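Printed below as a string of structure tokens:
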């Protein structure tokens, strides 16, 4: 009996050991090298979702703007003597361009609230809407000039568009031409319009001061400076004073001063010491007049000998001046050092002809802000320029990150021996999926702080609002696989912008 019981106990023990052995899973074999630091997700978990489980604390929308559920349209409240907003509901899925078209259309159709009156004619058509960095350009039909109160129409239009929260200025065109104060071209340029007060009396006083004071008119104007490479022209808005109608002189003198701020991607175009000596209007064909500019000898003597920079100077003058309603071309002369003005070529650039935008196409650029690293494992912002018409901004950001930084002391965040094209990028609504090659991690020494810095350099560059990519979250994968962690850094969930890592100037 005792032997039988012993046999049964032994059998039970053996069965238990076998069951435990079957239940135990050997760890999956991993690749050699530093990639062994990865902790890969199980197949059931490895699914990228557009919405991570918990991004409440990090959501970039919380950092920069609330989700739009409505727009404000400004109409005249005669009883109150002011422009009053009427809120219209929207889906929240509209692009900025679609939203601008909607606002303009609704302004022409008039208010839904009793006691409010329209200020824009109902037959105004919207020809075009174009988005810049801080500027929303709007091209309307000539019927806009039929507004009974042009100042109120401009104020309602500008305030309604700026309430979108994405822009600082509105640039108004009428049938393709930059708008003037009235339909009379001699009434003077409007420049860039910014937010108006809402009281009718204050609106009238503001326009009287800025536009009807012929001795000293104040306007916001686009000045064009070069980027670091000289490939593109970048728009910088500046408040300028036009004295006694000399708009061209005021603009050129502001260009000679150079950009207002350093380190934000704008670079001077004029050689040091250059002065504008005088100007002359030139009558052109069919009323298309131009302006002759006469510069000091430094214009030629102190040129950089860099063809890109020199082309930028000529382009800067053309783009900054031909926005004036009566200037369609530019002619340049300079002092030859003996008191005579000549238009001889400057380092191969022909000046003995009139110059228009057609001579300098595809020069318009726009800024993007990307992030490199510092030795303190912080992020160093750096501005670059890309074509104004660039469609795939996110891809261009990756390309720029694969270059060397210009900022002194900044360091690369993408290894020099790994091409940008090895990083695969897919954008799904507001989520960017960046697939990283294994070699990227082989190039990084095992330092958590550096890995975090370099990953967030990608994240911040792709999600920075100034870049207008529409991306708010970044998910990293490694050669197509969703990874739970690298070392002890979680990669399972998507990343959002981290302003705390940005180095202060």
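Numbering (the working numbering), first residue to last: 291 to 795.
Note that CB positions come from ideal geometry on N, CA and C, so glycine has one too.
On a predicted model such as this, the values are computed, not experimentally measured, just so you know.
DSSP three-state assignment for residue i, whether helix, strand or coil
i: residue 531; result: strand
i: residue 641; result: coil
i: residue 349; result: Low local confidence applies: a pLDDT of 35 at residue 349 is under 50, so the model's placement there is unreliable, and no value is given.
i: residue 390; result: helix
i: residue 656; result: strand
i: residue 791; result: helix
i: residue 744; result: helix
i: residue 300; result: Any reading at residue 300 must be qualified, since the residue scores a pLDDT of 45, below 50, and its modelled position is unreliable; the value itself is stated next. Three-state DSSP puts residue 300 in a helix.
i: residue 469; result: coil
i: residue 477; result: helix
i: residue 515; result: strand
i: residue 461; result: strand
i: residue 751; result: helix
i: residue 782; result: coil
i: residue 722; result: strand
i: residue 693; result: coil
i: residue 675; result: strand
i: residue 716; result: strand
i: residue 312; result: Model confidence at residue 312 stands at a pLDDT of 37, short of 50, so the residue's coordinates are unreliable; what they give is reported in the following sentence. Helix at residue 312.
i: residue 777; result: coil
i: residue 488; result: coil
i: residue 765; result: strand
Option nearest residue i by Cα separation, candidates the options
i: residue 464; options: 473, 458 and 456; result: 473
i: residue 362; options: 494, 454, 410 and 665; result: 454
i: residue 695; options: 747, 422 and 541; result: 747
i: residue 731; options: 717, 703, 749 and 757; result: 703
i: residue 527; options: 509, 616, 534 and 533; result: 509
i: residue 619; options: 664, 707, 577 and 625; result: 577
i: residue 417; options: 410, 432 and 411; result: 432
i: residue 796; options: 706, 768, 538 and 547; result: Outside the modelled stretch of the chain, which goes from 291 to 795, sits residue 796, for which no answer is possible.
C-beta atoms of residue i and residue j nearer than 8 angstroms
i: residue 559; j: residue 603; result: yes
i: residue 450; j: residue 493; result: no
i: residue 738; j: residue 779; result: yes
i: residue 791; j: residue 669; result: yes
i: residue 443; j: residue 457; result: no
i: residue 724; j: residue 753; result: no
i: residue 606; j: residue 662; result: no
i: residue 655; j: residue 744; result: no
i: residue 366; j: residue 409; result: yes
i: residue 687; j: residue 788; result: no
i: residue 446; j: residue 397; result: yes
Short CB-CB distance (under 8 angstroms) between residue i and chain D
i: residue 519; result: You won't find chain D in this structure, because it holds only one protein chain.
Mind pulling the alpha helix (DSSP H) runs of 4 or more residues that sit fully within the segment 522-591? Qualifying alpha helix (DSSP H) stretches, in chain order: 537-547 and 588-591.
Any chance the segment 579-594 sits against the segment 634-649, with 3 or more Cβ pairs inside 8 angstroms? At 8 angstroms Cβ cutoff, the stretches touch.
Check whether the segment 482-500 touches the segment 361-379, taking contact to mean three or more Cβ pairs, one atom from each stretch, closer than 8 angstroms. Yes: at least three Cβ pairs fall under 8 angstroms.
Which whole runs of the beta strand (DSSP E) in the segment 598-633 are 3 residues long or more, in chain order? Residue ranges of uninterrupted beta strand (DSSP E) with 3 or more members, entirely inside the segment 598-633 and ordered along the chain, are 619-625.
Looking at C-beta atoms only, is the number of pairs between the segment 496-506 and the segment 398-406 that lie closer than 8 angstroms three or more? No, the segment 496-506 is not in contact with the segment 398-406.
For a minimum of 4 consecutive residues, which ranges assigned as the alpha helix (DSSP H) are wholly contained in the segment 372-451? Qualifying alpha helix (DSSP H) stretches, in chain order: 386-399.
When the Cβ atoms of the segment 641-649 are set against those of the segment 704-719, are three or more pairs found closer than 8 angstroms? Contact check between the segment 641-649 and the segment 704-719: fewer than three CB pairs, one atom from each, fall below 8 angstroms, which does not count as touching.
Between the segment 527-538 and the segment 673-687, do at least 3 Cβ pairs fall closer than 8 angstroms? Here the segment 527-538 makes no contact with the segment 673-687; the two share fewer than three CB pairs at distances below 8 angstroms.
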